[in-house]
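If you read the protein sequences in the order shown, they are chains L and H. Start counting the first sequence at 11; every next residue gets the next number (the working numbering). Start counting the second sequence at 11; every next residue gets the next number (the working numbering). Positions of the beta carbon are idealized from the N, C-alpha and C atoms, including for glycine. Report on one structure; see the data block that follows.
There are 2 protein chains.
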Amino acid sequence: MTPERSAPEPVTAVTDTAGAWLTKGLKDVEDGLAIAVDRGGALSEDAISILKAGGKRMRPMLVLLCAGPDGGAAAVRAGISVELVHMASLVHDDVLDRAPLRRGEPTVFASAGPGRATAVGDQLFATAFRVLVDGGDQAAITEISRTAVDLARGELMQRRGAFNLKLSEGEYFERSGLKTGRLFEAACVLGRSTVNPGQSDVISQFGHRIGLAFQMLDDVLDISGPVERTGKARGTDLLDGTVTLPFIAAAESDSGLLEVDLHALDEGSADEVCDRIAGTGALDQVRARAVGMIEEAKAGLGPAGLDDEQRQLLELIADGVVLRYS
Amino acid sequence: MTPERSAPEPVTAVTDTAGAWLTKGLKDVEDGLAIAVDRGGALSEDAISILKAGGKRMRPMLVLLCAGPDGGAAAVRAGISVELVHMASLVHDDVLDRAPLRRGEPTVFASAGPGRATAVGDQLFATAFRVLVDGGDQAAITEISRTAVDLARGELMQRRGAFNLKLSEGEYFERSGLKTGRLFEAACVLGRSTVNPGQSDVISQFGHRIGLAFQMLDDVLDISGPVERTGKARGTDLLDGTVTLPFIAAAESDSGLLEVDLHALDEGSADEVCDRIAGTGALDQVRARAVGMIEEAKAGLGPAGLDDEQRQLLELIADGVVLRYS
């Protein structure tokens, strides 16, 4: 259920194409994140190590792209804030999932326990608001606050749906929309609002769609592996009781999957279930749906009133979501 | 480390003295909390059960008292927001402390696991911001955001200091200030700001002091018991590795306490350590310091520019902090 593991090729493709403003914006975000995490003397080695562990900064990139060259400091702050919310949600997700590894490294949950992981996540989360409050970005605070409520709803939905093999496609998309689509959407809206307040419906849909595509492809990767690429065991979602679209799709042709006892799974038997899911062709099917969603996202950009460079860059990052999984 | 267990006598004393506006304000807060917890269809039985479990709404009461009869809807929203932050921090604290019981009832941590407790806390926390955002209370958002960062710093400080028998008094007060004093302070500042923006230095100090006194008395209660009153085992803090002022004070006259192996404590041996702390007279000493802090808080109200009724009510609630422990 938790995205982002591979190398940052799509990001490079976008920064190579964009003007220097994007590279500068991303650097400003990076500097701002380092300051934010360490702010007020509240030095937290855990938060700093999460920051250093990297990530592609996909969400800040979306903020900056949707803002364009004139986004300025407000876009940078929004990028920092969105990434902090993302980091907070990763740390708390690892508590929810009792995840031992992320990107091949021990999680805060694993190295410091659920208590400390909860506290670190809280700190990151609170700091996300602080960054916007300090900048006086009222509309952005509203957007992040709504987003945070939705993320928490998504977390709860995941807990409630855990070990439910009969999770419907609708429930999967609702959960993914809340847990992943919503923050991608917020990134786009926040960026766009720095230059065109109140004109973000189309851009919000773009963000939501690529977030869903991102999640679907990430869920495929959890089943397909390989471990060397994902930095965690195959079937980690299933081991957590999290049913995803590949499973739902596979169970349509192999209804025996609905008899699997998720509570009894270990890494070996999870591997077998992954093979069984892959054997149904469900992975290709979900990949194709994700690609379709990306195409929809790009096509939907028509009425957004973007200039050519912006549109090109957004298409590029949308394609990047697919590329990193191919 | 986690306050609030006994019956609501101090609250009753204050509401009996105040005009009808206070009772109405508290009812509006209660109604608003019920709506907030259930908002957006994100029904969470856990959050609702926490709300129903009660609590004295000490912080909303402070908001309303510092606002006075003209606080209006903004004071009610601030009261709701502060209580939501408090509830969120209780739920996350129970994850940190792996606490089985609160007010004699199983915690969300115990009944639903750390994952769900983390998610419920996140939801409450995000909702605290939403309430203020919806009301357009910009200054309040700033205050709550700063407070939230401080609470998280306090949580982390508690984790870092866990099982450190040599915790200094200074560290104890810094941690208590962040974890408890800060939110009491925010409650007072938020209330005051609804009617007198920018005039909250004195009132902020009042809040901080009674928060610290509250924490000290709560820490005494953790050592003194009895279980029937606290709804949890004596020495729960010690069992969590949390060193508090009674322990620090006791170790000054009984340095053998510094040799206790906190990691090896069980309920029986924790009970013995509690008796040993009590035997030094440290409990009376800490109680006296708390009472002194309350007196300081009341005396400090002089330059606050309050009318007579407001001052009387604030003195009454300050005394109430002591009364609930006597």
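- Which residue or residues does DSSP assign as beta-bridge partners of residue 185(L)? Residue 185(L) pairs with nothing; no bridge assigned.
- Query: How would you list, in chain order, the residues of chain L whose beta-carbon sits under 8 Å from the beta-carbon of residue 102(H)?
  - Reply: Per Cβ cutoff of 8 Å: 128, 129 and 132.
- Message: If the criterion is Cβ atoms closer than 8 Å, does the pair residue 280(L) and residue 245(L) meet it?
- Response: Yes. Within cutoff.
- Item | Inter-residue Cα distance where the pair is residue 118(L) and residue 80(H) | If you take the alpha carbons of residue 118(L) and residue 80(H), they lie about 47 Å apart.
- Query: Mind checking whether residue 42(H) and residue 95(H) have CB atoms under 8 Å apart?
  - Reply: Going by C-beta atoms, residue 42(H) is not nearer than 8 Å to residue 95(H).
- Message: Tell me which residue opens and which closes the alpha helix (DSSP H) that residue 155(H) is part of.
- Response: It spans 148-171 - the alpha helix (DSSP H) in which residue 155(H) sits, taken as one unbroken run.
- Report the neighbours of residue 136(H) on chain L: residues whose CB is nearer than 7 Å to its CB, in chain order. Ordered by position in chain L, the residues that pass the 7 Å Cβ test against residue 136(H) are 155, 158, 159 and 162.
- Message: On the DSSP letters alone, give me the boundaries of the alpha helix (DSSP H) that residue 89(H) sits inside.
- Response: That run of the alpha helix (DSSP H) goes 82-107.
- Query: Excluding sequence positions up to five away, which residues of its chain have a Cβ less than 8 Å from the Cβ of residue 141(H)?
  - Reply: Excluding residues up to 5 positions away in sequence, 42, 46, 87, 90, 91 and 94 lie with their Cβ nearer than 8 Å to the Cβ of residue 141(H) in the same chain.
- Which chain B residues sit within Cβ distance under 7 Å of residue 47(L)? Here chain B cannot be found, since the structure's protein chains are L and H.
- Please confirm if residue 139(L) has its CB atom under 8 Å from at least one CB of chain H. At a cut-off of 8 Å between C-beta atoms, residue 139(L) counts as an interface residue with respect to chain H.
- Task: Note down, in chain order, all residues in the region 141-153 of chain H with a beta-carbon under 7 Å from any beta-carbon belonging to chain L.
- Result: If you check each beta-carbon in the region 141-153 of chain H against every beta-carbon of chain L, the ones closer than 7 Å belong to 143, 148, 151 and 152.
- Should residue 113(L) be flagged as near chain H, meaning a C-beta pair shorter than 8 Å? No, residue 113(L) does not count as interfacial toward chain H.
- Would you call the region 164-179 of chain H and the region 180-192 of chain L in contact, with 3 or more CB pairs under 8 Å? In the pairwise beta carbon analysis, the region 164-179 of chain H is classified as not touching the region 180-192 of chain L: fewer than three pairs are separated by under 8 Å.
- Message: Let me check you understand the geometry: is the CB of residue 267(H) closer than 7 Å to at least one non-hydrogen atom of the ligand FMN?
- Response: Judged by which ligands are present, the structure shown has none, so any question about the ligand FMN falls away.
- Using 8 Å as the threshold, is the region 196-207 of chain H in touch with the region 143-157 of chain L, meaning 3 or more CB pairs across them? Contact between the region 196-207 of chain H and the region 143-157 of chain L is absent, with fewer than three C-beta pairs closer than 8 Å.
- Message: Does any residue of chain H have a CB that is nearer than 8 Å to the CB of residue 299(L)?
- Response: Residue 299(L) does not count as touching chain H.
- Neighbour flag for residue 106(L) against chain H, beta carbons, 8 Å: So yes, residue 106(L) belongs to the interface.
- Query: Does residue 200(H) get closer than 8 Å to chain L when you measure Cβ to Cβ?
  - Reply: Among the residues facing chain L, residue 200(H) is not included, as its CB has no counterpart in that chain under 8 Å away.
- Which residues, taken in chain order from the region 166-177 of chain L, show a beta carbon closer than 7 Å to some beta carbon of chain H? Answer set for the region 166-177 of chain L: 166 and 169.
- Item | Alpha-carbon spacing of residue 230(H) relative to residue 63(H), whole angstroms | Pairing residue 230(H) with residue 63(H), the inter-Cα distance amounts to about 23 Å.
- Message: According to DSSP, is residue 111(H) part of a helix, a strand, or is it coil?
- Response: Looking at residue 111(H) - three-state DSSP - the assignment turns out to be strand.
- Task: Could you tell me whether any Cβ in chain H is nearer than 8 Å to the Cβ of residue 82(L)?
- Result: No, no contact with chain H.
- Query: From residue 334(H) to residue 247(H), what distance separates their C-alpha atoms?
  - Reply: Spanning the two alpha carbons is a distance of roughly 20 Å.
- If we ignore side chains and look at the alpha-carbon of each, how far apart do residue 38(L) and residue 114(L) end up? Using only the alpha carbons, I get a separation of about 27 Å.
- Cβ neighbours of residue 192(H) in the same chain (closer than 6 Å, five flanking residues each side left out): Taking C-beta separations shorter than 6 Å and ignoring five residues to either side along the sequence, the partners of residue 192(H) in its chain run 157 and 160, following chain order.
- Helix, strand or coil for residue 236(L), going by three-state DSSP, please let me know. Coil, per DSSP.
- Taking the C-alpha atoms as reference points, what is the distance between residue 324(H) and residue 103(H)? Distance between the alpha carbons of residue 324(H) and residue 103(H): 28 Å.
- Could you tell me whether the region 288-305 of chain H touches the region 216-230 of chain H, using the rule of 3 or more Cβ pairs below 8 Å? As far as the Cβ criterion goes, the region 288-305 of chain H touches the region 216-230 of chain H, which means the pair count is three or higher.
- For residue 256(L), does the three-state DSSP call read helix, strand or coil? Residue 256(L): helix per DSSP, three-state reduction.
- Do you know how far the Cα of residue 255(L) is from the Cα of residue 216(L)? A direct Cα-Cα distance of roughly 21 Å separates residue 216(L) from residue 255(L).
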